[in-house]
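J.: Can you read through this structure? Questions will come right after.
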Amino acid sequence: MPHAVVVMGEDETSQILGDGFVHLQYFSNPQRCMPAKVQQQQHSQRIILLYFSLLGRDLLGVDWRKDDGVFNAERDKLFEEMRRCYDTETGGFCPVPVSHYNTSATLSMTHCALQILNLCDFLPKATEEWAYKEKLMSFVMSCHIRHECPLFGESFRGAFQAAPDIAEVDIRFTYSALVSMALLCKPQPLSTVSSLQGTLQEAVAFIWRCWDAHEGAFGAVPGAEAHGGMTFCAVASLALAGAMSSLTRSRHHLLLRYCTARLSGGPEDHESIGSTGVIMPIVGYQGRPQKECDTCYSHWIGSTLRILQTQEHDFVFPVDVLPIFRFMGNCVDSEHGGIRKDFDMRADIVHASLGLSGLLLHVDSHCVSKLRPPHPVYGCSWSTVRNTGLPELVATSTSTL
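Numbered as in my numbering, the sequence shown ends at 523 without a single skipped number.
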């Protein structure tokens, strides 16, 4: 049942986040927001965490294009670090500098490195000087599973694996591959690139084999249990492939039902006392039934709902945002910056950036001037999409929550 429209604007968002400068400092200082072992360049997740750090700053309104000495120095440093992690032989990005360690390129690292370069507005420079588009596309395509691959059955045809030499497959890598290709093919939508049509058709077929008809959402692989994060990867991948028309009205309805059902207090209900003394439930999004709420799912589920929202006229957002705002408010670290996974944990860079994105997905974008609404498909702000020439894919939301 649709909820009444609730407009959450800049004042309410600022009240939840507190001092925006504290959060900007949190995202701007990797020494604070990354564990000590991650600060070393050889840590295998460093590129991923750097991406989330930049995403947080992007959503907080940092403009990397302006001519500023501090920004320019940091951009140059990031550009050089990405260059050192690029493998000229395979065409992909490694988690650590290739000249210092025995490592191999992966699809996830390539996805995040391209996002970093795009957020810094350095992707054109990189693809002109050392990371040539043809080589990068060749690496992404080398992760594509074709029918002749002996390691996987027919049900995995069209999927993408973690790396050419890593036989790990799930729908997350399909999303990483399609975002990477979109960054390399911009401003053209992937659906208009003739050489990719066979790959896209096979990828879409694999996505639908991951459909869980019982729950009405998507799992990681064919036959797997539906999951909120995997459902986002599937729906966003359909948008990237220009295949949203394959989403029938009945499946659209089932996806809405699944996503709205993820709004829950979890196995252990939490309550807070409001300003009037009334006890109110604290409700957030969960990834699966009977799991605890987690701020990152405000991004995964919120983005999925936003993509689905653009497929219908006069669509009213199907969740009440007030309980979500209470949950997010309890997870914000207003003193040190960042957002926690849940109430009892410390803030970390991944949940801080995804939580911020999820919060802004539940805000009327027309009422927020200083912050940047996230694009529900790409993993960056709408401003970055437009400034860097990415195809918009979905319409800007005109109805509020």
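Beta carbons: idealized from backbone N, C-alpha and C, even for Gly.
All of these numbers come straight from a predicted model, not from anything done at the bench.
1) Can you look up residue 186 in the DSSP assignment and give me helix, strand or coil?
2) Please report the Cβ distance between residue 358 and residue 425, rounded to the nearest whole angstrom; I am assuming they are in contact, meaning their Cβ atoms lie under 8 Å.
3) By DSSP, does residue 500 sit in helix, in strand, or in coil?
4) Quick check: what's the CA-CA separation for residue 144 versus residue 367?
5) Just mark residue 316 as buried or exposed, buried being the case when its beta carbon has 16 or more other beta carbons within 10 Å.
6) Mind checking who residue 333 pairs with in its DSSP beta bridge?
7) In whole angstroms, what is the alpha-carbon distance linking residue 204 and residue 499?
8) Are the beta-carbon atoms belonging to residue 512 and residue 304 less than 8 Å from one another?
9) Which value, in whole angstroms, describes the spacing of the CA atoms of residue 238 and residue 483?
10) Within 10 angstroms of its Cβ, does residue 395 collect 16 or more other Cβ (buried), or is it exposed?
11) Identify whether residue 468 lies in helix, strand or coil by the three-state DSSP scheme.
12) Could you give the DSSP three-state label for residue 386: helix, strand or coil?
13) Using the DSSP secondary-structure output, state which residues sit across from residue 291 in a beta bridge.
14) Considering residue 449, what are the terminal residues of the alpha helix (DSSP H) in which it resides?
15) Taking the C-alpha atoms as reference points, what is the distance between residue 477 and residue 351?
16) Enumerate in chain order the residues of its own chain whose CB-to-CB distance from residue 225 is below 7 Å, with the five nearest sequence positions on each side excluded.
17) Flag this pair as yes or no: are the beta carbons of residue 407 and residue 429 separated by less than 8 Å?
18) Distance, Cα to Cα, residue 475 vs residue 373?
19) Ignore the nearest five residues each way along the sequence and tell me which others in residue 386's own chain have a CB closer than 6 Å to its CB.
20) Taking 8 Å as the cut-off, decide whether the C-beta atoms of residue 294 and residue 355 are in contact.
21) Between the Cα of residue 281 and those of 321, 259, 249 and 206, spot the shortest distance and give me the residue it belongs to.
22) Rounded to whole angstroms, what's the CA-CA distance from residue 247 to residue 418? Just pull it up for me.
23) Between the beta-carbon of residue 300 and the beta-carbon of residue 325, is there less than 8 Å?
24) If you measure between the beta carbons of residue 241 and residue 506, is that distance less than 8 Å?
25) Could you please give the first and the last residue of the uninterrupted alpha helix (DSSP H) stretch that includes residue 240?
26) Using the three-state DSSP reduction, which class does residue 517 fall into: helix, strand or coil?
27) Pull up the distance between the alpha-carbon of residue 311 and that of residue 457, whole angstroms please.
28) Considering only DSSP beta bridges, list what residue 406 is partnered with.
29) Within its chain, find whatever has a CB closer than 6 Å to the CB of residue 400; leave out the 5 residues flanking it on each side and keep chain order.
30) Taking buried to mean at least 16 other C-beta atoms within 10 Å of its own C-beta, is residue 275 buried or exposed?
31) For residue 450, is the classification buried or exposed, using 16 other Cβ atoms within 10 angstroms of its Cβ as the cut-off for buried?
32) Grab me the residues of residue 397's own chain with a C-beta within less than 6 Å of its C-beta, minus the 5 sequence neighbours each way, in chain order.
33) Is it right to say residue 252 is buried, meaning 16 or more other beta carbons lie within 10 angstroms of its own, or is it exposed?
34) What residues in its chain sit with their C-beta under 8 Å from that of residue 331, if we drop five residues either side in the sequence?
35) Is it the case that the Cβ atoms of residue 146 and residue 179 are separated by a distance below 8 Å?
36) Let me check understanding here. Comparing Cα to Cα, which of 285, 415, 364 and 361 lies closest to residue 383?
T.: Inspection of the coordinates gives the following:
1) coil
2) 7 Å
3) coil
4) 43 Å
5) exposed
6) 340
7) 23 Å
8) yes
9) 21 Å
10) Note that residue 395 has pLDDT 44, beneath the 50 cutoff, so the model's placement of it is unreliable and the number below is only indicative. Exposed, because fewer than 16 other Cβ atoms sit within 10 Å of the Cβ of residue 395.
11) coil
12) strand
13) 283
14) 443–453
15) 14 Å
16) 216, 217 and 218
17) no
18) 30 Å
19) 408
20) yes
21) 321
22) 32 Å
23) yes
24) yes
25) 229–241
26) coil
27) 42 Å
28) 386
29) Low per-residue confidence applies at residue 400: pLDDT is 49, beneath 50, and the placement is therefore not dependable enough to give any value.
30) exposed
31) buried
32) Only weak support exists for where residue 397 lies, its pLDDT of 45 falling under 50; the value from the coordinates is given anyway. Correct list: empty, nothing qualifies.
33) exposed
34) 277 and 344
35) yes
36) 415
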